[in-house]
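Enquirer:
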Amino acid sequence: MKPHHSGRRPPRIGDDPLFRRVLLGVVLFFVAVIIVAPLAVIGVQAFSKGLPYFAGAIAEPDTLHAILLTVLTALIAVPINTAFGVAAAWAITKHDFAGKRLLTILIEIPFSVSPIVAGVAYLFVYGLQGLFGPALESAGIKIMFALPGIVLASMFVTAPFVARELIPLMQAQGRDLEEAATSLGASAWRTFFSVTLPNIKWALLYGVVLCNSRVMGEFGAVSVVSGNIRGQTNTLPLHIELLYHDYDAVGSFAAASILATLALVTLVVKVALERQGAGRSKRPATLAGNDTLSEVKP
Amino acid sequence: MKIRLNDVVKTFDTFRAVHGVSLEIESGELVALLGPSGSGKTTILRMVAGLEYADHGHIYFGDEDATDIPVRDRGVGFVFQHYALFPHMTVAENIAFGMKVSKVKRTPEAIRDRVEELLALVQLSGLGERFPGQISGGQRQRVALARALAVDPRVLLLDEPFGALDANVRRDLRRWLRKIHDELGITTLFVTHDQEEALDLADRVVILDKGNIVQEGTPEEVCRAPQNAFVMKFLGDANALPATVRDGKAYVQDIAFDAPDLKDGPADLLFRPADVSWRESGDGVPAQILRVLDRPDSRRVLARTTGGQSIEFDTAPEFPHKKGEQGFLDIRRPRVYATT
């Protein structure tokens, strides 16, 4: 039978026009209802009484304080968790030691444990009636209902984020590059910064962005350990809830829009960094495995 | 630099990869570690490099005990099976890496000159600004070699250096590597599972099986006098016929072959496909032709003896006989090994 190129060809798998439209329709519907609509409502509600009212709501001292506290928490927790995540991924993927699998499981615990459980657990350890509470109290160190507690709870919840991004990638990359660098005389630090890090930077960046968004948005664990003191230990997510319970819908939506914006800023920073990185290395799109380029005969 | 391994043992978890291997590699020699996968050849190479530590035994570089010297200070050039080129660095940066991190300080000009020199040596001048992803497999292999040579290693170690390349590129690179070795005179040890590669390239071949050395010698020695059936079969196609040894003779269906040093009992008669002639009558093992395969320079005949054994042999392209014909196999240069 001779192939006919004119007219309709039979669909390939999943290429049926009806199927394609239904598939796309379902996906778009979900994106609109589940993701876009709520975010749009926040924006609309925040500005429903006009820009001046929005600005006033943000400039409210307690709200401003909550924003600052949230940013401060992220500035402390994200770098520490990034360093921890990189170290953990490095240890697990490039070194052999007893208890490696156990460590991998331990790192994942915060993913499966509800944040509120973490908060309560911290309360039991550092709270006044807790394990170290009295000792810390007599030493004049305040962890619960203060910044250290908020940072600790946020770090618990986001501990796996960077490591989970890096471990599969670093496992797939193997140890050849590190072994090659070492055999050429490079120290462990040199190997890490010159060879390992450049090959994981995008995954690392993504892990940092996820970690940051979660630190800023964490509610459950922080709400237990912070004590919800207005203008003192209220982070932005807690403050939003407080405003909402005060029937200050616009204030609450304004604060929520700030939180959403902070998350968007991190996303934009990530994309910008990626662009810049891609531009700097001046590499063409066809990176790997292009064996057809002008072969010079040996 | 002479390398000496003395009773080296390596065990992974419960699997013993290398059993008490002792080996000497003379200064300037090019030696192949040849064996099937799982024979421990790569583990031995990695222990010589310092990428693995021996559980037991010693490794000497010249008179120095190198057993516990870390890879970083051991002064070896290692070429990885998949090259392990740094993908984010250019070819020139890859080659310069070892010189940049070295404890011996070099000026940027000296490094640049050395990189140019090495690029010329591996015939890649002008490709220094490319990234590894932009060059061919054979070119990557040569970059890996240049990078390993840049630090003036005492010994050069190559893990399956041509394993990932096409047959043609492979043969060219093989001859070229031999030339480089002869120019530089650097002690070189490489691992391969390809007997043709080992015989083609090496001064001496060390054949390994299940973590032990089964035979070592020049290509001529291992080819002409394989020590046991494993070596005989591993080095090339071999036919096997069951035989019985009586009074210094091995009998295959009443045909006697010399087997002077063997005790009486069951044995295997091994011989190469090229060492068989087909006869329509006379002495020889009776057989029937099953198929005739054509090759560019010969014909390969698949036959079955009346005892039911499959035999393959090579003939001239003009071989006139066809499938189904009966005749006799005249076997030359057979080797008889006691059945283990």
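In order, the protein sequences belong to chains Y and H.
First residue of the first sequence: 1274, per my numbering; consecutive thereafter.
First residue of the second sequence: 3, per my numbering; consecutive thereafter.
Just so you know, even glycine gets a beta-carbon here, dropped at the ideal spot from N, CA and C.
What is the DSSP secondary structure of H:Asp161, reduced to helix, strand or coil?
Expert: Locating residue 161 of chain H in the second sequence gives position 159, counting from the first residue. Three-state DSSP puts H:Asp161 in a strand.
Enquirer: Is the beta carbon of H:Arg149 less than 8 Å from the beta carbon of H:Phe192?
Expert: Here residue 149 of chain H is taken as the residue at index 147 of the second sequence, counted from 1. Here residue 192 of chain H is taken as the residue at index 190 of the second sequence, counted from 1. No, Cβ-Cβ distance for H:Arg149 and H:Phe192 is not below 8 Å.
Enquirer: Tell me the start and end of each unbroken alpha helix (DSSP H) in the segment 1315-1372 of chain Y that is at least 4 residues and wholly inside, in chain order.
Expert: 1324-1332, 1334-1367
Enquirer: Three Cβ pairs or more, each shorter than 8 Å: is that satisfied between the segment 1332-1350 of chain Y and the segment 1423-1432 of chain Y?
Expert: yes
Enquirer: Taking DSSP as the reference, what is the three-state secondary structure of Y:Arg1556?
Expert: Position 283 of the first sequence, counted from the first residue, corresponds to residue 1556 of chain Y. Residue confidence is low: Y:Arg1556 scores 43 on pLDDT, short of 50, so the model does not pin down where it sits. Its coordinate-derived value is still stated next. Coil.
Enquirer: Could you have a look at Y:Leu1566 and say whether DSSP puts it in helix, strand or coil?
Expert: By 1-based counting over the first sequence, the position of residue 1566 of chain Y is 293. Confidence is the limiting factor: at Y:Leu1566 the pLDDT is only 38, short of 50, which leaves the residue's position unreliable, though a coordinate-based value still follows. Here Y:Leu1566 sits in coil by DSSP.
Enquirer: Rounded C-beta distance between Y:Ala1330 and Y:Gly1524? I'm assuming under 8 Å.
Expert: Mapped onto the first sequence, residue 1330 of chain Y falls at position 57. Mapped onto the first sequence, residue 1524 of chain Y falls at position 251. Indeed, because the Cβ distance is near 4 Å, the residues count as touching under 8 Å.
Enquirer: Taking 8 Å as the limit between beta carbons, can you name the residues of its chain near Y:Val1569, skipping five residues before and five after?
Expert: As a first step, residue 1569 of chain Y is located in the first sequence; it is residue number 296 there, counting from the start. Only weak support is given to the placement of Y:Val1569: the predicted model assigns it a pLDDT of 38, under 50, and the value that follows is read from those uncertain coordinates. Excluding positions up to five away in sequence, the list is empty.
Enquirer: Pull out every residue of the segment 66-90 of chain H whose Cβ sits closer than 7 Å to any Cβ of chain Y, in chain order.
Expert: Val73, Arg74, Val78, Phe80, Phe82, His84, Ala86, Phe88, Pro89, His90
Enquirer: Does the segment 1450-1464 of chain Y come within contact of the segment 1395-1412 of chain Y, defined as at least 3 CB pairs closer than 8 Å?
Expert: no
Enquirer: What residue ranges within the segment 1402-1471 of chain Y form continuous alpha helix (DSSP H) runs of no fewer than 4 residues, ordered along the chain?
Expert: 1406-1411, 1420-1446, 1449-1456, 1461-1464
Enquirer: With a cut-off of 8 Å, does the C-beta of Y:Val1359 fall near any C-beta of chain H?
Expert: Here residue 1359 of chain Y refers to the residue found at position 86 of the first sequence. In terms of beta-carbon proximity, Y:Val1359 stays away from the interface with chain H, with every pair separated by 8 Å or more.
Enquirer: Check the Cβ of H:Phe99 against every Cβ in chain Y and list those closer than 8 Å, keeping chain order.
Expert: The residue you call residue 99 of chain H lines up with position 97 of the second sequence. By Cβ distance, chain Y contributes Ala1454, Leu1457, Ala1459, Ser1467.
Enquirer: Under a three-way DSSP split, which group does H:Lys102 fall into?
Expert: If you number the second sequence from 1, residue 102 of chain H lands on position 100. Note: H:Lys102 maps to helix in three-state DSSP.
Enquirer: Is DSSP giving H:Leu120 helix, strand or coil here?
Expert: As a working note, residue 120 of chain H is residue 118 in the second sequence. Three-state DSSP puts H:Leu120 in a helix.
Enquirer: As a quick exercise: from Y:Ser1530, Y:Pro1388, Y:Lys1415, Y:Ala1361, pick the residue whose alpha carbon is nearest that of Y:Leu1375.
Expert: Locating residue 1375 of chain Y in the first sequence gives position 102, where the first residue counts as 1. Ranking the options by Cα distance to Y:Leu1375, first place goes to Y:Ala1361.
Enquirer: What residues of chain H sit near Y:Leu1450, judged by a beta carbon separation below 7 Å?
Expert: Against the first sequence, residue 1450 of chain Y aligns to sequence position 177. By Cβ distance, chain H contributes Ala86, Phe88.
Enquirer: In chain H, what lies closer than 7 Å to Y:Asn1472 by C-beta?
Expert: Here residue 1472 of chain Y corresponds to residue number 199 of the first sequence, with the count starting at 1. Within chain H, the residues near Y:Asn1472 are Pro89, His90.
Enquirer: For the candidate residues Y:Ala1453, Y:Ala1394, Y:Gln1549, whose alpha-carbon lies nearest to that of H:Val145?
Expert: Working through the second sequence from its first residue, we reach residue 145 of chain H at position 143. Nearest of Y:Ala1453, Y:Ala1394, Y:Gln1549 to H:Val145, Cα basis: Y:Ala1453.
Enquirer: Alpha carbons only, please: which of H:Thr342, H:Gly286, H:Ser300, H:Ile46 is nearest the one belonging to H:Gln328?
Expert: Position 326 of the second sequence holds residue 328 of chain H. It is H:Gly286 whose Cα lies nearest to the Cα of H:Gln328.
Enquirer: Quickly, what does DSSP pair H:Leu191 with across the bridge? List them, please.
Expert: As a working mapping, residue 191 of chain H is identified with position 189 in the second sequence. Answer by DSSP bridge pairing, in chain order: H:Val33, H:Leu159.
Enquirer: Is H:Val153 close to chain Y? Criterion is C-beta to C-beta, closer than 8 Å.
Expert: Stepping through the second sequence from its first residue, residue 153 of chain H is reached at position 151. So yes, H:Val153 belongs to the interface.
Enquirer: Nearest chain Y C-beta to H:Ala56 closer than 8 Å, yes or no?
Expert: Working through the second sequence from its first residue, we reach residue 56 of chain H at position 54. Interface with chain Y (8 Å Cβ-Cβ cutoff): H:Ala56 is excluded.
Enquirer: With DSSP as the reference, please indicate the residues paired to H:Ser279 in a beta bridge.
Expert: Start at 1 with the first residue of the second sequence, and residue 279 of chain H comes out as number 277. In the DSSP output, where bridge partners are listed per residue, H:Ser279 has H:Asp332.
Enquirer: Taking the alpha-carbon positions, what's the Y:Ile1340 to Y:Ala1356 distance?
Expert: Stepping through the first sequence from its first residue, residue 1340 of chain Y is reached at position 67. Stepping through the first sequence from its first residue, residue 1356 of chain Y is reached at position 83. Cα to Cα, the separation comes out at about 24 Å.
Enquirer: Can you tell me where the alpha helix (DSSP H) holding Y:Leu1301 begins and where it ends?
Expert: Taking the first sequence and counting its residues from 1, the one referred to as residue 1301 of chain Y is at position 28. From DSSP, the alpha helix (DSSP H) with Y:Leu1301 extends over 1290-1303.
Enquirer: Relative to the alpha-carbon of H:Val50, which residue among H:Leu7, H:Phe330, H:Arg334 has its alpha-carbon at the smallest distance?
Expert: Working through the second sequence from its first residue, we reach residue 50 of chain H at position 48. Out of H:Leu7, H:Phe330, H:Arg334, H:Leu7 has the C-alpha closest to the C-alpha of H:Val50.
Enquirer: State yes or no: is the beta carbon of H:Val103 nearer than 8 Å to at least one beta carbon in chain Y?
Expert: What you label residue 103 of chain H is simply residue 101 of the second sequence in a count that begins at 1. So yes, H:Val103 belongs to the interface.
Enquirer: What number of angstroms, rounded off, separates the C-alpha of Y:Pro1433 from the C-alpha of Y:Pro1383?
Expert: On the first sequence, residue 1433 of chain Y is found 160 positions in, with the first residue counted as 1. On the first sequence, residue 1383 of chain Y is found 110 positions in, with the first residue counted as 1. Computed Cα separation, rounded: 7 Å.
Enquirer: Is the Cβ-Cβ distance between Y:Met1489 and Y:Leu1546 less than 8 Å?
Expert: In the first sequence, counting from the first residue as 1, residue 1489 of chain Y sits at position 216. In the first sequence, counting from the first residue as 1, residue 1546 of chain Y sits at position 273. No, these two residues do not count as a Cβ contact at 8 Å.
Enquirer: Suppose you measure from the CA of H:Asp196 to the CA of H:Glu218; what does that come to, to the nearest Å?
Expert: Position 194 of the second sequence, counting from 1, holds the residue named residue 196 of chain H. Position 216 of the second sequence, counting from 1, holds the residue named residue 218 of chain H. Spanning the alpha carbons of H:Asp196 and H:Glu218 requires a straight line of approximately 16 Å.
Enquirer: Going along chain H in order, which residues have a C-beta closer than 8 Å to the C-beta of Y:Arg1463?
Expert: By one-based count along the first sequence, residue 1463 of chain Y stands at place 190. Going along chain H in sequence order, the residues near Y:Arg1463 (Cβ under 8 Å) are Val103.
Enquirer: Jot down the residue ranges of each uninterrupted alpha helix (DSSP H) in the segment 1463-1543 of chain Y, minimum 4 residues, whole runs only, in chain order.
Expert: 1470-1490, 1493-1499, 1509-1518
Enquirer: With three or more beta-carbon pairs closer than 8 Å as the criterion, would you say the segment 112-131 of chain H touches the segment 149-165 of chain H?
Expert: They touch, by the three-pair rule.
Enquirer: Tell me the rounded alpha-carbon separation between H:Gly326 and H:Ala242.
Expert: Within the second sequence, residue 326 of chain H is the residue found at index 324, counting from 1. Within the second sequence, residue 242 of chain H is the residue found at index 240, counting from 1. One C-alpha to the other measures close to 22 Å.
Enquirer: Since H:Arg226 is in the alpha helix (DSSP H), which residue starts that stretch and which ends it?
Expert: Taking the first residue of the second sequence as 1, we reach residue 226 of chain H at position 224. Its alpha helix (DSSP H) spans residues 221-226.
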